[in-house]
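Line by line, the protein sequences are chains A and B.
Numbering of the first sequence is given in our numbering, commencing with residue 1 and proceeding in unit increments.
Numbering of the second sequence is given in our numbering, commencing with residue 1001 and proceeding in unit increments.
Using N, Cα and C, we set each Cβ at its ideal position, and we do this for glycine too.
Here is the structure we will look at, set down as structure tokens.
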Amino acid sequence: MISMHRQVACVEIGGIPIALSTCDERFLHLLRERYDGFLSSSPPEFELEFDLTSKGPASDVDVRVRREGHEWLIERGDFHARWDPRTGRGSVRQNANPYSLDSVLRILHSLILAQRGGFLLHAASAICDGRAYLFSGVSGAGKTTMTRLAPPDITLLTDEISYLRPNAEGYSAFGTPFAGELARAGENCTAPVSALFFLDQGPENRVDELSPAEAVRRLMRNILFFAEDQGLVEKLLATACEFVARVPIRRLTFYPDARVWDEVRNFAGNLQEVPEHA
Amino acid sequence: MPETCIYIARSSAIAARALAGEMMVMNSADSTFFTLNEVATTIFQAADGHTPLRDIVRDRVCEQFDIDPEQAQADAEQFVAELSGHGILLVSNQPLASETP
């Protein structure tokens, strides 16, 4: 049964509450279930109105994000969205596919973050002893493996898409509901970022330095960014350079067993003894 | 027979930033990303659209780096061809207006 009244679920990811409204009871239920743990009673900063269509199945290959006047136009085979950053309001036409919903939200957050000096990164992230560690790499590099190997005292923020915002000292990582192979949402919490590791699997655990240029190159390769917009690309490159200047970035070669977390803890201990940016 | 001049200019559809002596360049149209070494950075920064490539190589590259002029010219032409293929540099036989502000 479809109600004509719009109902709202406010979803707060990365400290940014967005009101998602729909007339469809079942879609509202899907929203609330999918983002359980990220539902918020905070006043929304942004609003998205969802209208359901019978557009095609989810697809990653043909997403386009471009400006049309003052609005962002976000299109893929399975959805069509408009969002006006001046008013903070937008509309989405998509089918009831939760993957389409995730994609729209990820793209919207990537646009908001780009303006605020933050970004979404293809990376697992977790909190260890009050600090966040990021593990980035292409599919198969070991993001989900790192989260599976995490000891019980580690808090998982995500096994797939890390959410990063600048703070006074550096950057903060936030939990996200965007899950990868683990098929489990991250915890809705945040911690200051201690280090970013680019993952390689190998016969032994070791941590190696990366040159700043190599770190930026790898970072840019793993940032989720879709917009065809010169100004935002310039801002994103500046953000990547800023991140590299403020956060220790290393290559972590690891053998996939639990001892890799000892390596992470050792690295963290050494950082505390000799602050990187003292 | 007079030698043909090559003029190069930076595209406006790129973002570039120097870090630790290297230049990082990103094409905003297709998100391709390049890291330029010091010699390539010198050529990239001198790509104003009206200085011939051979003058850039002679006056900037060979002045700053210990490199054989002929080899430098050949390397520069190869570098320019590669970056122009990715839309980072514009190349012409006539002076160009640089697209970057």
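Would residue i be called buried (16 or more neighbouring beta carbons within 10 Å of its own) or exposed?
{"i": "Gly-1021/B", "result": "exposed"}
{"i": "His-5/A", "result": "exposed"}
{"i": "Gln-1078/B", "result": "exposed"}
{"i": "Asn-266/A", "result": "exposed"}
{"i": "Glu-160/A", "result": "buried"}
{"i": "Ala-195/A", "result": "buried"}
{"i": "Cys-10/A", "result": "buried"}
{"i": "Pro-1069/B", "result": "exposed"}
{"i": "Thr-176/A", "result": "buried"}
{"i": "Ser-1012/B", "result": "exposed"}
{"i": "Gln-94/A", "result": "buried"}
{"i": "Cys-241/A", "result": "buried"}
{"i": "Val-138/A", "result": "exposed"}
{"i": "Ala-1097/B", "result": "exposed"}
{"i": "Thr-147/A", "result": "buried"}
{"i": "Ile-127/A", "result": "buried"}
{"i": "Pro-151/A", "result": "exposed"}
{"i": "Pro-44/A", "result": "buried"}
Beta-carbon of residue i versus every beta-carbon of chain B: anything under 8 Å?
{"i": "Ala-114/A", "result": "no"}
{"i": "Ser-136/A", "result": "no"}
{"i": "Val-63/A", "result": "no"}
{"i": "Gln-201/A", "result": "no"}
{"i": "Ala-238/A", "result": "yes"}
{"i": "Ala-9/A", "result": "no"}
{"i": "Val-247/A", "result": "no"}
{"i": "Gln-230/A", "result": "yes"}
{"i": "Glu-234/A", "result": "yes"}
{"i": "Cys-189/A", "result": "no"}
{"i": "Cys-241/A", "result": "yes"}
{"i": "Ser-3/A", "result": "Confidence in Ser-3/A is poor, its pLDDT being 49 and thus under 50, which makes the residue's placement too unreliable to answer from."}
Is the separation between the beta-carbon of residue i and that of residue j shorter than 8 Å?
{"i": "Gly-179/A", "j": "Ala-185/A", "result": "According to the sequence shown, residue 179/A is Ala rather than Gly. Their beta carbons are under 8 Å apart, which means Ala-179/A touches Ala-185/A by this criterion."}
{"i": "Ser-1028/B", "j": "Gln-230/A", "result": "yes"}
{"i": "Trp-83/A", "j": "Leu-108/A", "result": "yes"}
{"i": "Leu-305/A", "j": "Leu-31/A", "result": "The structure shown has nothing for residue 305/A, since chain A only spans 1 to 278."}
{"i": "Ala-227/A", "j": "Arg-1017/B", "result": "no"}
{"i": "Arg-250/A", "j": "Asp-208/A", "result": "yes"}
{"i": "Ser-136/A", "j": "Asn-222/A", "result": "yes"}
{"i": "Val-264/A", "j": "Leu-149/A", "result": "no"}
{"i": "Leu-157/A", "j": "Glu-181/A", "result": "no"}
{"i": "Thr-253/A", "j": "Asn-205/A", "result": "yes"}
{"i": "Gln-1073/B", "j": "Thr-1042/B", "result": "no"}
{"i": "Val-92/A", "j": "Phe-50/A", "result": "yes"}
{"i": "Val-1091/B", "j": "Ala-1076/B", "result": "no"}
{"i": "Leu-219/A", "j": "Phe-243/A", "result": "yes"}
{"i": "Leu-1089/B", "j": "Ala-213/A", "result": "no"}
{"i": "Arg-34/A", "j": "Leu-111/A", "result": "no"}
{"i": "Ala-191/A", "j": "Gly-130/A", "result": "yes"}
{"i": "Thr-144/A", "j": "Ala-124/A", "result": "yes"}
Does any residue of chain A bring its CB to less than 8 Å from the CB of residue i?
{"i": "Pro-1101/B", "result": "Only weak support exists for where Pro-1101/B lies, its pLDDT of 49 falling under 50; the coordinates are left without a value."}
{"i": "Thr-1035/B", "result": "yes"}
{"i": "Ala-1097/B", "result": "no"}
{"i": "Ala-1092/B", "result": "A quick correction: the sequence has Ser, not Ala, at residue 1092/B. So, not an interface residue."}
Taking Cβ positions only, does residue i come closer than 8 Å to chain E?
{"i": "Ala-1015/B", "result": "Considering every chain present, this structure includes no chain E. Its protein chains are A and B."}
### Task
Report the residues of the segment 205 to 223 of chain A with a CB closer than 8 Å to any CB of chain B, ordered along the chain.
Ser-211, Pro-212, Ala-213, Glu-214, Val-216, Arg-217, Met-220 and Arg-221
### Query
the segment 1051 to 1083 of chain B: which residues have C-beta closer than 8 Å to a C-beta of chain A, in chain order?
none
### Task
Return the residues of the segment 1037 to 1052 of chain B that lie within a Cβ-Cβ distance of less than 9 Å from chain A, sorted by chain order.
none
#### Entry: Contact list for the segment 1009 to 1020 of chain B against chain A, Cβ threshold 7 Å
Ala-1013, Ala-1015, Arg-1017, Leu-1019 and Ala-1020
### Query
Can you list, in chain order, the stretches of the beta strand (DSSP E) that have 3 or more residues and sit fully within the segment 109 to 146 of chain A?
119 to 128 and 131 to 136
### Query
Taking the runs of the beta strand (DSSP E) that are 3 residues or longer, which of them lie wholly in the segment 142 to 225 of chain A?
155 to 158, 161 to 166, 171 to 174, 190 to 201 and 206 to 209
### Message
I'd like the ranges of any beta strand (DSSP E) spanning at least 3 consecutive residues and lying wholly in the segment 28 to 67 of chain A.
### Response
46 to 52
### Task
Tell me the start and end of each unbroken beta strand (DSSP E) in the segment 61 to 101 of chain A that is at least 3 residues and wholly inside, in chain order.
64 to 68, 71 to 76, 79 to 84 and 89 to 94
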